[in-house]
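Counted from 1, the sequence shown has number 69 at position 69 by my numbering; the numbering is strictly sequential. Note that the Cβ used here is the ideal one computed from N, Cα and C, for glycine as well.
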Amino acid sequence: MISSARERSRPALIGWPADASRREELAEAGTPCLLLVDDGAPIPAVAEGEDWIHRGADERDVAARLAELARRGRSVRSVDAVPMALPAGLTADEHRVAVRLVATVGSLVPRADLPVGDLDATIARLRRPLGRDGWTILRIGAAGFLIERTGGGSC
Numbered sequence: 001m002i003s004s005a006r007e008r009s010r011p012a013l014i015g016w017p018a019d020a021s022r023r024e025e026l027a028e029a030g031t032p033c034l035l036l037v038d039d040g041a042p043i044p045a046v047a048e049g050e051d052w053i054h055r056g057a058d059e060r061d062v063a064a065r066l067a068e069l070a071r072r073g074r075s076v077r078s079v080d081a082v083p084m085a086l087p088a089g090l091t092a093d094e095h096r097v098a099v100r101l102v103a104t105v106g107s108l109v110p111r112a113d114l115p116v117g118d119l120d121a122t123i124a125r126l127r128r129p130l131g132r133d134g135w136t137i138l139r140i141g142a143a144g145f146l147i148e149r150t151g152g153g154s155c
């Protein structure tokens with residue numbers, strides 16, 4: 001059981017998907033966590049205060065991600081609590097990218113965190129249905145994308 005504010009702000013390193021139940025406990029406690037993704041496992045959509053890295057990554061990369069999570073602190077927002085309902089009829093790639101973007105509204109999502117075949121085409125296809133609901137996907141140079149509310153729509 002996590003008991004102090006200091007312990008809650010110290011990021012936890014958990015295996016994914018093996019430790020999914022531990023991830024839920026950490027989210028409820030407000031503890032940031034770094035998901036150590038097993039080879040061949042699907043990349044999870046992460047909530048604010050979470051990040052992921054492949055198992056076997058360089059120790060310096062793991063340490064850097066943990067330090068960044070600690071720096072950002074924790075503001076729990078579950079992927080289930082995204083600020084919009086996703087449009088029906090999305091392909092699997094479109095859905096995966098949309099979930100990742102809306103889980104971090106207003107924050108940059110690096111291209112590397114959006115692992116789909118043709119990312120630019122997937123983003124282009126997403127812009128219309130999300131735009132109808134008042135959302136805009138912005139490309140931030142070569143770094144990645146973010147989604148923001150622009151008004152209108154049914155949300």
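- H95 places its beta carbon less than 8 Å from that of L86.
- Contact annotation: I137 and L126 have beta-carbon atoms nearer than 8 Å.
- Counting the other CB atoms within 10 Å of its CB gives T31 a total of 16 or more, which places it among the buried residues.
- Assignment of I43 by DSSP, reduced to helix, strand and coil, places it in the coil class.
- With contacts defined as CB atoms closer than 8 Å, G144 and R111 qualify as a contacting pair.
- When the Cα atoms are used, P44 and W52 turn out to be separated by approximately 8 Å.
- Inclusion of T122 and V99 in the CB contact set at 8 Å is not warranted, their separation being larger than that value.
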